[in-house]
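S.K.: Take a look at the following structure, please.
Set out below in structure tokens:
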């Protein structure tokens, strides 16, 4: 591991950082195509390892309660994709970074997420 990235360090000296992830598939489902907001677990590890040299990662609650956000970072995984648990959770454990996972209600009801429906329509070129 090398020293802090100059851009990340400059940012950390000026403000806090809230990262919002969605998909963390190693290989995104073909049906969702290129329109998926995805980062592979390998790229996620590299990104967070680099940022952790400049930022101190805290829980969402700690971040919201902090008076001075400089140098603090927090992370959420939005939409509730299973890949976050299956493929990315080990990254957060390895780097000892807290993560808030938000689950979309449609997944709990066994229904497709509305954004995935739109992505599927776009991928199948069903829009003019």
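In this note's numbering, the protein residues as written are 1321 to 1448.
We put the CB at the ideal spot given by N, CA and C, even for glycine.
1) Answer yes if the segment 1355-1364 comes into contact with the segment 1405-1413, meaning at least three C-beta pairs across the two stretches below 8 Å, and no otherwise.
2) Go through its chain and collect everything with a Cβ distance to residue 1378's Cβ below 8 Å, but skip five positions before and after it.
3) Run through the segment 1346-1386 for me and flag every whole alpha helix (DSSP H) of 4 or more residues, listed as ranges in chain order.
4) Give every residue of the same chain whose Cβ lies closer than 7 Å to the Cβ of residue 1403, excluding the five residues on either side of it in the sequence, and list them in chain order.
5) Is DSSP giving residue 1417 helix, strand or coil here?
6) Check whether the Cβ atoms of residue 1375 and residue 1396 lie closer than 8 Å to each other.
7) Could you spell out where the beta strand (DSSP E) holding residue 1392 opens and where it closes?
8) Would you say residue 1449 and residue 1336 are within 8 Å of each other, going by their C-beta atoms?
M.R.: According to the data block:
1) yes
2) 1386, 1392, 1393, 1394 and 1418
3) 1361-1371 and 1380-1385
4) 1343, 1344 and 1345
5) coil
6) no
7) 1392-1397
8) In the structure as shown, the chain starts at 1321 and stops at 1448, and residue 1449 therefore has no counterpart that could be examined.
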